[in-house]
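Participant: Can you keep this structure in mind? I'll have questions shortly.
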Amino acid sequence: MAAEKLAAERAQQIEQANKAKAEQSQLASERQAQLEKLSADRDQQVKTAAERQQQIEQLSQAKAVAEKLAAERAQQVEQANKAKAEQSQLAGARQAQVDELAVDRDRQSKTLEECQQQVARLSDEIKAAESLAVESAKQLELAHKARNQQGELCTEQLSRLHQAQQENKELQERQRLMNDELTKAEAQIDLITDLLLREQGI
Numbered sequence: 022m023a024a025e026k027l028a029a030e031r032a033q034q035i036e037q038a039n040k041a042k043a044e045q046s047q048l049a050s051e052r053q054a055q056l057e058k059l060s061a062d063r064d065q066q067v068k069t070a071a072e073r074q075q076q077i078e079q080l081s082q083a084k085a086v087a088e089k090l091a092a093e094r095a096q097q098v099e100q101a102n103k104a105k106a107e108q109s110q111l112a113g114a115r116q117a118q119v120d121e122l123a124v125d126r127d128r129q130s131k132t133l134e135e136c137q138q139q140v141a142r143l144s145d146e147i148k149a150a151e152s153l154a155v156e157s158a159k160q161l162e163l164a165h166k167a168r169n170q171q172g173e174l175c176t177e178q179l180s181r182l183h184q185a186q187q188e189n190k191e192l193q194e195r196q197r198l199m200n201d202e203l204t205k206a207e208a209q210i211d212l213i214t215d216l217l218l219r220e221q222g223i
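Counted the way our numbering counts, the sequence shown spans residues 22 to 223.
Structure follows, in structure tokens:
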């Protein structure tokens with residue numbers, strides 16, 4: 022009886038020990054699974070952090086490129102504005118030349134008109150002198166000479182007037198071309214400004 026009781030107690034102890042061992046094995050397995058899960062989570066976090074760092078670097082590079090492009094565009098706008106100012110200044114100078122030639126043309130026209138009036142007056146004097154040729158042949162000769170001189174002067178003035186008119190036409194054509202260039206420059210500035218505004222909006 023005592024031996025059976027002792028055997029039963031030992032069997033119970035062995036069963037309890039086996040049960041405790043199984044529980045420890047299960048607990049160890051669970052802990053190992055937790056460790057593996059934590060390791061996997063850590064690896065995933067490291068991978069995610071690396072990906073985010075890579076994204077940050079890419080965004081930084083893109084930002085640097087965008088800033089460089091914006092600086093280049095701003096420089097282009099500044100150069101275009103400078104060119105526009107120079108074109109405007111040149112156009113103003115050309116316009117001043119046109120105005121000066123116009124004044125000179127008007128002065129030449131007035132001189133030509135005066136010469137024509139003088140020629141007409143001298144012609145009348147010549148006619149009067151011719152009617153008095155018997156009385157004063159010398160006066161008639163002088164009148165002819167004066168008329169010829171006035172005719173040469175009027176011819177010269179007329180030639181200058183024609184030249185001034187031709188120069189005025191050429192300057193007007195240059196002014197028109199300059200206005201076309203200014204219009205193109207303003208269109209380029211508007212286009213670049215619109216692109217910069219769109220990029221800033223993005």
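A virtual CB, placed ideally from N, CA and C, is assigned to each residue, including glycine.
Which of the three DSSP states, helix, strand or coil, is assigned to Glu156?
Facilitator: Here residue 156 refers to the residue found at position 135 of the sequence shown. Three-state result, Glu156: coil.
Participant: From Gln110, Thr204, Glu188 and Ala71, pick the residue whose C-alpha is nearest to that of Asp125; which is it?
Facilitator: Indexing the sequence shown from 1 puts residue 125 at position 104. Minimum Cα distance to Asp125 is reached at Glu188.
Participant: Going by the beta-carbon positions, is the gap between Leu179 and Leu122 smaller than 8 Å?
Facilitator: Locating residue 179 in the sequence shown gives position 158, where the first residue counts as 1. Locating residue 122 in the sequence shown gives position 101, where the first residue counts as 1. Contact: no.
Participant: Leaving out the 5 sequence neighbours to the left and right, which residues in its chain are closer than 8 Å to Leu203 when beta-carbon positions are compared?
Facilitator: Counting from 1 along the sequence shown, the entry for residue 203 is found at position 182. Only Lys105, Gln108, Ser109 and Ala112 meet the Cβ criterion.
Participant: Say whether the stretch 212-220 touches the stretch 88-106, bearing in mind that this needs 3 or more beta-carbon pairs closer than 8 Å, one atom from each stretch.
Facilitator: In short, these stretches touch, since the Cβ pair count reaches three.
Participant: By how many angstroms is the C-alpha of Ile210 removed from the C-alpha of Cys175?
Facilitator: The residue given as residue 175 occupies position 154 in the sequence shown. The residue given as residue 210 occupies position 189 in the sequence shown. Spanning the two alpha carbons is a distance of roughly 52 Å.
Participant: Which one of Lys103, Ala70, Gln33 and Glu25 has the shortest CA to CA distance from Ala206?
Facilitator: One-based indexing of the sequence shown puts residue 206 at position 185. The shortest C-alpha separation from Ala206 is found at Lys103.
Participant: Can you tell me the Cα-Cα spacing of Gln47 and Leu59, whole angstroms?
Facilitator: Translated into positions along the sequence shown, residue 47 becomes position 26. Translated into positions along the sequence shown, residue 59 becomes position 38. Going by C-alpha positions, Gln47 is about 18 Å away from Leu59.
Participant: In whole angstroms, what separates the C-alpha of Met71 from that of Gln55?
Facilitator: Within the sequence shown, the letter at position 50 stands for residue 71. Within the sequence shown, the letter at position 34 stands for residue 55. Reading the sequence as shown, one finds Ala at residue 71 and not Met. Using only the alpha carbons, I get a separation of about 24 Å.
Participant: Express the C-alpha separation of Leu90 and Met199 in angstroms, rounding to a whole number.
Facilitator: On the sequence shown, residue 199 is found 178 positions in, with the first residue counted as 1. On the sequence shown, residue 90 is found 69 positions in, with the first residue counted as 1. Their Cα atoms are separated by approximately 30 Å.
Participant: Using 8 Å as the threshold, is the C-beta distance between Arg128 and Leu192 below it?
Facilitator: Against the sequence shown, residue 128 aligns to sequence position 107. Against the sequence shown, residue 192 aligns to sequence position 171. Against a cut-off of 8 Å, the Cβ pair of Leu192 and Arg128 comes out as no contact.
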